[in-house]
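Asker: In my numbering, each number is its position in the sequence shown, counted from 1, plus 2.
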Amino acid sequence: MDKMAYTVVSNKSFNEVSRLLESTSKDKGFRVLTIHNVRETLAEKGFEVAPLKIYELCNAGFAYQAIKNDINVAMFMPCKIVVRPEGDKTLMTLVRPSMIAEMMPDTGLDNMAVEVERQLIGLIDGIK
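1. Around the C-beta of GLU32, are 16 or more other C-beta atoms found within 10 angstroms, so that it is buried, or is it exposed?
2. Taking Cβ to Cβ, would you say ARG98 is nearer than 8 Å to GLU117?
3. Tell me whether SER12 sits in a helix, a strand or coil according to DSSP, three-state version.
4. Assign VAL10 to one of two classes, buried (16 or more other C-beta atoms within 10 Å of its C-beta) or exposed (fewer than that).
5. Looking at the structure shown, is ARG33 part of a helix, part of a strand, or coil, going by DSSP?
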């Protein structure tokens, strides 16, 4: 799982982590495009689950470079960070952009994916 995802455990509450992710992403050059509130979505269908949000983030410059190199990388866009409580902690899990570059080795996205990943890890480490 470490190769596919990067997870940070925070002592902050689920709501505080969610608020910080939403408020600090822009400062780090990323825009929150969408927040999927999985708990609310499933509750509409009568299913109960613990709080769970999926954040879709984008940096337009990186996105433009990626699809310019290979339009098929759009299947993996935008970058995703999952936020969920676990006991009295909150977990933030980033789907590693470098894993996407490995899955598409002929795209020439290795260096860019590593840089996007570095910046997103910095974002969630800063929230921790």
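Here a beta-carbon is modelled for each residue, glycine too, at the ideal position from N, C-alpha and C.
Answerer: Taking the definition as stated:
1. Counted from its first residue, the sequence shown places residue 32 at position 30. Note that residue 32 corresponds to Phe in the displayed sequence, not to Glu. So PHE32 counts as buried.
2. As a position in the sequence shown, residue 98 is number 96, starting the count at 1. As a position in the sequence shown, residue 117 is number 115, starting the count at 1. No, they are not a contact pair.
3. Position 10 of the sequence shown, counted from the start, is the residue given in the question as residue 12. Correct three-state label for SER12: strand.
4. Position 8 of the sequence shown, counted from the first residue, corresponds to residue 10. The residue in question, VAL10, is buried, as its Cβ has 16 or more Cβ neighbours within 10 Å.
5. Here residue 33 corresponds to residue number 31 of the sequence shown, with the count starting at 1. In the structure shown, ARG33 sits in a strand (DSSP, three-state: E or B).
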